[in-house]
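Just so we're aligned: the sequence shown equals residues -26 to -1, 1 to 375 in mature numbering (1 follows the signal peptide of the UniProt record, and there is no 0). Glycine is no exception: its CB is placed at the ideal position from the N, C-alpha and C atoms.
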Amino acid sequence: MAKRFRRLRLFVALALSLALVGTLGACGGKTQAPASSETPGTHAPSAGKAEGQIQITDAANRAVTLSAPARRVVAIGPGALRLVTYVDGMESVVGVEQIEKGASPGKTYGYPFKDEIQSLPVIGQGGPDTQPNVEKIVEVKPDVIFAAQPSDAKGADDLQAKTGVPVIVLSYGPLGTLDKPLYTSIQNIGKALGKEKRAQEVVDFIEKTTADLKQRTKDVPDGQKPAVYVGGLGFKGAHGITSTQKNFPPFALTHAKNVAAALDKDVVPDLDREKLVEWNPDIIFLDLGNLKLVTDDYQKNAQFYQSLKAVKDKKVYGLYPFNFYATNVETALWDAYIVGKVLYPEKFQDVDLTRKGEEIYVAFFGEGGRGIPAELERAYGKAGAPIDLSKPAGQQNESGK
């Protein structure tokens, strides 16, 4: 009897030991991560990425965490919606600013997505220096807010707190540059939408295109470069010939000799006319969006214009406007090829400008972008063609329309 009892105790002890080993083995496997107490978009360091989470560092250096790819988004502030369209994200947009509904030939993404934009509810007024409409944004129930404005961490955190929606700040970088801040913002949109591959395609295309432009012109000696000037640039409004830029992207990408490179500030909307006479550039480019201001001014100040070498030599050319609610990156690239073709025809002799324009717009917008070059020419005339300032703006390049 005692022997049987000892065997029973041994059996029970063995069973308990096996059960304990099994329990310890289970505890030694994959540990379920505790729920994060961090609010998406705060600056607190993350303890680790939970499975399925998307972690993004935005343009304001804020850590933003999404539980899954966003299916409903809004884009607010200058240029935010444009970047979303680059990443094929229009299908996820559930509301737009009122400013996006206004027709403008210079806002190129409005061509392929006109119907979608017009059909969406309004989430605020939009425009430079305006405040987001929290109530309207919340009504459309977005998963993510892409914001070019507010652009600072505090403003983005405040908007996130008021809406309860993760805010991802976007940036084009300094005006006149196509570089890392722009690329990172495009890639962040791709991460948030689960479209990383598409976002990288866009970044790769920009890098490939800018590299081609720079490669074609890098060996042109400075002594063989004509002195150039760009006028009529729009900066928060329309301006005439005295509106120029130190770091004008189409000039920078083609190594052009920009006479405005000597300026202290990058953007100068009201250059002293005497300075332009002093520089006396060989070639002048004008933003076709503001050409009427220049031709009207010519009628009042013909003597000033006729004192300029470029005007006397009939070397004034038009470019398409690319600054409209931030930068139309694709139009800036096309303008760079137009500049290159005018300044260094031998370096761009293989480039058909119409086909190059179609290639660029298709790369950014898909097949819906193929007709944009024709739309721009219809609206503004033919960029790269000579301009006769003595004629009204509406009579320029009529043979090219």
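Less than 8 Å between the beta carbons of residue i and residue j, yes or no?
i	j	result
SER145	PHE298	no
LEU267	ILE361	no
LYS330	TYR354	no
GLY343	PRO86	yes
LYS210	PRO319	no
ARG56	ALA300	yes
ILE97	VAL70	yes
ASN254	LYS231	no
ASP309	TYR294	yes
LYS220	ASP240	yes
THR184	HIS229	no
ILE142	ALA122	no
PRO224	ALA306	yes
VAL38	VAL67	no
GLY358	TYR291	yes
GLY164	PRO155	no
I need the DSSP call for residue i, collapsed to helix, strand or coil.
i	result
ILE28	strand
GLN189	helix
ALA135	helix
GLY205	strand
residue 379	Residue 379 lies beyond the stretch modelled for the chain, which goes from -26 to 375, so this question has no answer here.
ASN297	strand
ASN264	helix
VAL143	strand
GLY292	strand
LEU363	coil
LEU245	coil
LYS356	coil
THR269	helix
VAL112	helix
THR104	coil
PHE120	strand
LYS231	strand
THR218	strand
VAL96	strand
ALA49	strand
Would you mind sorting residue i into buried or exposed? The rule is 16 or more other CB atoms within 10 Å of its CB.
i	result
GLN273	exposed
residue 388	Since the displayed the chain opens at -26 and closes at 375, residue 388 lies outside it and no answer follows.
LEU(-11)	Legend: pLDDT at LEU(-11) = 39, less than 50; position of this residue unreliable, no value from coordinates given.
GLY138	exposed
SER20	With a pLDDT of 41 at SER20, under the threshold of 50, the predicted position of this residue should be treated as unreliable, and no value is reported.
LYS128	exposed
GLY263	buried
THR31	exposed
ALA348	exposed
ALA44	buried
ALA42	exposed
LYS356	buried
Counting pairs of beta carbons, one from the region 167 to 183 and one from the region 61 to 71, are three or more of them closer than 8 Å? yes
Could you pull out every unbroken alpha helix (DSSP H) segment of at least 4 residues lying fully inside the region 273 to 351, listed in chain order? 276 to 280, 283 to 286, 303 to 317, 327 to 339
So, do the region 174 to 186 and the region 320 to 340 have three or more beta carbon pairs nearer to each other than 8 Å? yes
Ignoring anything shorter than 4 residues, give me the alpha helix (DSSP H) runs that lie fully in the region 147 to 180, in order along the chain. 154 to 167
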